[in-house]
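Here the structure is laid out as structure tokens; the discussion comes afterwards.
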Amino acid sequence: MLQKVGVIGGGTMGHGIAAAFALGGLSVSVYEPLDSQRGAILPAIRDAYALLVEEGLATTSESDAAEARIALTDDLSVAVADRDFIVEAVPERLELKQALFAELDARAPADAVLASNTSSLPLAAMLEAVSAARRERMLVTHWYNPPLIMPLVELSFFGNMPEPVYNRVAQLHERIGKRTVKVLKDVPGLIANRIQQGIAREVFSIIEQGIAAPEDVDKALMFGPAFRYATTGQLEVADFGGLDIWATVGDNLLAVMDASKSANPLLKQKVVQGKLGVKSGEGFYRYSPDRVGDMRRAFLRRLIHQLKASKAYG
Ligand SMILES: NC(=O)c1ccc[n+]([C@@H]2O[C@H](COP(=O)([O-])OP(=O)(O)OC[C@H]3O[C@@H](n4cnc5c(N)ncnc54)[C@H](O)[C@@H]3O)[C@@H](O)[C@H]2O)c1
């Protein structure tokens with residue numbers, strides 16, 4: 002059983018992944034080279050745990066014990082020395098990840114499993130950086146943000162790893178309450194991000210065409226398709242609706258829907274204008290600086306409520 006976790010990079014994803022493993026009862030070491038970033042890790046984890054305690058998903062003693070299981074370091078060798086599962090969450094640059102995996106291969110125990118949280122880089126290119134033996138113990142484990150709350154972790158099973166090793170990695174994540182899915186082909190975006198981009202393409206296109214106001218488009222998604230999706234996947238929804246209906250409606254609608262191969266021009270225009278969303282004060286909606294903190298917390302609370310509800314349907 003995998004017991005000791007190393008997390009490489011303590012940024013947005015790394016600190017959340019560390020928090021999730023520690024709350025799940027595992028010993029976690031975090032390697033973060035930047036002093037300022039390393040100093041921000043425990044305060045951020047404490048804040049996130051406090052929200053879970055407020056919402057009844059953890060007790061104070063559980064969150065205190067979890068925090069005590071996390072060790073921070075600026076020394077890679079120390080971070081990986083006795084670990085049996087090591088996941089990297091460093092910036093999304095292939096050369097950086099290749100160099101890191103070569104280091105990890107050299108410094109980590111021979112039987113340690115190495116994982117990448119990459120959103121878009123091919124595992125095959127990262128496998129080139131490690132020894133033949135390590136290639137059988139390396140995979141993509143793709144978490145969703147925020148990692149402490151979002152249940153999904155996509156796991157690669159691309160043919161380089163024996164099934165018993167895969168099963169141990171899947172069990173490690175299931176043990177801390179995550180829902181794992183097995184992805185069989187090394188495709189960019191794995192499963193969830195591809196589905197999400199398909200929805201986003203049509204949503205941005207509907208806005209671009211002036212078909213409805215942003216509030217109504219988001220409402221249509223939340224109280225329409227996404228309302229069902231939280232409990233019932235697309236394939237089961239199709240089965241319930243009838244595949245004949247889905248085939249007919251698909252033929253009618255797909256012919257007129259957005260099929261572009263790049264990001265929507267309206268989206269790109271907003272980026273050029275500096276309208277980046279919450280972080281710049283305006284995106285599709287406006288955000289006043291004095292309300293942003295409250296809005297972020299409300300967003301997290303909605304996800305936590307959804308997580309609580311999801312426990313009822315397994
Ligand atoms: N942010 C997301 O929503 C999200 C979701 C899923 C997957 N991912 C993937 O997770 C990875 C990390 O993304 P992020 O958003 O957490 O990035 P981030 O920039 O917030 O954090 C990266 C961290 O890595 C550190 N770092 C830089 N070079 C390093 C090195 N050589 N060794 C160790 N640490 C180093 C940085 O100091 C920083 O703290 C990327 O591969 C990204 O594609 C991100």
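If you count the sequence shown from 1, you need to add 1 to reach my numbering.
Quick reminder that beta carbons are idealized off the backbone N, C-alpha and C, glycines included.
Computed from a predicted model, the values in this text were never measured in an experiment.
Near ligand 1: residue i beta-carbon under 7 Å from a heavy atom
| i | result |
| --- | --- |
| Gln38 | yes |
| Ile46 | no |
| Ser289 | no |
| Met14 | yes |
| Gly11 | yes |
| Leu105 | no |
| Val114 | no |
| Tyr286 | no |
Rounded separation between residue i and residue j - CA only
| i | j | result |
| --- | --- | --- |
| Ala59 | Gly40 | 24 Å |
| Ala103 | Pro92 | 16 Å |
| Ala147 | Ala126 | Before going on, a small fix: residue 147 reads as Pro here, not Ala. Taking the straight line from one Cα to the other gives about 27 Å. |
| Pro44 | Ala20 | 11 Å |
| Glu203 | Leu267 | 12 Å |
| Arg229 | Gly211 | 26 Å |
| Asp75 | Pro34 | 5 Å |
| Leu236 | Thr249 | 16 Å |
| Gly225 | Val218 | 10 Å |
| Val79 | Gly242 | 55 Å |
Helix, strand or coil at residue i according to DSSP, with G and I counted as helix
| i | result |
| --- | --- |
| Phe22 | helix |
| Lys5 | strand |
| Val91 | coil |
| Lys183 | strand |
| Phe285 | coil |
| Ser78 | helix |
| Gly278 | strand |
| Met258 | coil |
Residue i: first and last residue of the uninterrupted beta strand (DSSP E) it sits in
| i | result |
| --- | --- |
| Leu73 | Ile71 to Thr74 |
Residue span of the alpha helix (DSSP H) that contains residue i, given as start and end
| i | result |
| --- | --- |
| Val54 | Asp36 to Glu55 |
| Thr249 | Leu244 to Leu255 |
| Tyr32 | Run containing Tyr32: none in the alpha helix (DSSP H); it sits in the beta strand (DSSP E), Ser28 to Tyr32. |
Proximity test, Cβ basis, 8 Å: residue i and chain D
| i | result |
| --- | --- |
| Val79 | Any reference to chain D falls outside this structure, which holds one protein chain only. |
For this session: Taking only runs that begin and end inside the segment 102 to 133, name each unbroken beta strand (DSSP E) of 3 or more residues, in chain order.
Result: Uninterrupted beta strand (DSSP E) stretches at least 3 residues long and entirely within the segment 102 to 133 occur at 114 to 117, given in chain order.
Exercise. Residue ranges of each beta strand (DSSP E) run of no fewer than 3 residues wholly in the segment 143 to 205, ordered along the chain?
Worked result: For the beta strand (DSSP E) assignment, the uninterrupted runs of no fewer than 3 residues enclosed by the segment 143 to 205 are, from N- to C-terminal side, 153 to 157 and 180 to 184.
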